[in-house]
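Take 0 as the starting number for the sequence shown in numbering that gives the first Met the number 0 and just add one per residue.
Have a look at the structure below before the remarks.
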Amino acid sequence: MSETGKQYASFLADLHRLRETRKAIEKQKGIKRQPLSKDERSEILAKTDSRCHICGGEIEGAWDADHVLSHSKGGEHSVDNYLPAHKICNNYRWDYIAEEFQEILKLGVWIRTQIERETAIGKLVADKFFKYEIQKRNRRKNT
Numbered sequence: 000m001s002e003t004g005k006q007y008a009s010f011l012a013d014l015h016r017l018r019e020t021r022k023a024i025e026k027q028k029g030i031k032r033q034p035l036s037k038d039e040r041s042e043i044l045a046k047t048d049s050r051c052h053i054c055g056g057e058i059e060g061a062w063d064a065d066h067v068l069s070h071s072k073g074g075e076h077s078v079d080n081y082l083p084a085h086k087i088c089n090n091y092r093w094d095y096i097a098e099e100f101q102e103i104l105k106l107g108v109w110i111r112t113q114i115e116r117e118t119a120i121g122k123l124v125a126d127k128f129f130k131y132e133i134q135k136r137n138r139r140k141n142t
């Protein structure tokens with residue numbers, strides 16, 4: 000790996016450590032999450048006209064109520080602090096801090112372009128990612 004690549008890897012690792020530190024602090028506070036009522040969930044979904052706040056796609060079926068401001072940053076348990084999200088969008092956004100998620104988005108867009116252009120790295124990543132997805136799907140079928 001080049002020196003620049005090592006620096007970028009270190010930057011990503013620093014962001015990961017920052018996220019883990021924030022999670023540990025939240026856990027120490029002992030904040031318990033409360034379930035939302037059916038009426039609260041309906042109100043949250045209506046805020047975006049039944050669209051995922053992450054990707055903008057229409058929500059049909061199961062969805063997650065995603066925090067606008069997380070508990071660890073002082074977010075409250077109120078309808079105002081939630082937005083609807085597809086389960087997959089919320090899962091992939093996970094609990095990344097904003098800077099970390101922005102890097103993930105930039106990387107994803109860049110590698111998608113590489114795959115479309117069929118560059119050497121694009122072909123390699125496409126093959127590895129496809130194999131990873133197949134393995135993940137097979138693991139889920141076996142559990």
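For each residue, glycine too, the CB sits at the ideal point set by N, CA and C.
Note that the structure is predicted; figures quoted are calculated from it, not measured.
May I ask you to list the residues that DSSP assigns as paired with Tyr81?
His66
What residue from Leu82, Lys37 and Gly107 has the CA that sits closest to Ile53's CA?
Leu82
Leu14, buried or exposed, once every other Cβ within 10 Å from all chains shown has been counted against 16
buried
List the endpoints of the continuous alpha helix (DSSP H) containing Leu149.
Nothing can be reported for residue 149: it is not among the residues displayed for the chain, which extend from 0 to 142.
Contact defined as beta carbons within less than 8 Å: I believe Ala84 pairs with Asp65. What is the distance between those atoms, to the nearest angstrom?
4 Å
Can at least three beta-carbon pairs, one atom from the segment 89-100 and one from the segment 109-118, be found at a separation below 8 Å?
no
Which class does Ala50 belong to by DSSP, given the choice of helix, strand or coil?
The question names Ala, but residue 50 is Arg in the sequence shown. Arg50 falls in the strand class under three-state DSSP.
Would you mind reading off the limits of the alpha helix (DSSP H) that contains Ile87?
Lys86 to Arg92
Out of Gly56, Leu104 and Ser69, state which residue places its alpha-carbon closest to the alpha-carbon of Tyr91.
Leu104
Residue interval of the alpha helix (DSSP H) (run including Arg18):
Glu2 to Lys28
CA-CA distance, Asp126 and Gly60?
32 Å
Which residues in the same chain as Asp38 place their Cβ atom closer than 8 Å to its Cβ, once the five residues preceding and following it in sequence are excluded?
none
Who does Glu57 pair with in a DSSP beta bridge?
Arg50
Classify Asn137 as buried or exposed, calling it buried when 16 or more other Cβ atoms lie within 10 Å of its own Cβ.
exposed
Taking the alpha-carbon positions, what's the Tyr131 to Gly121 distance?
15 Å
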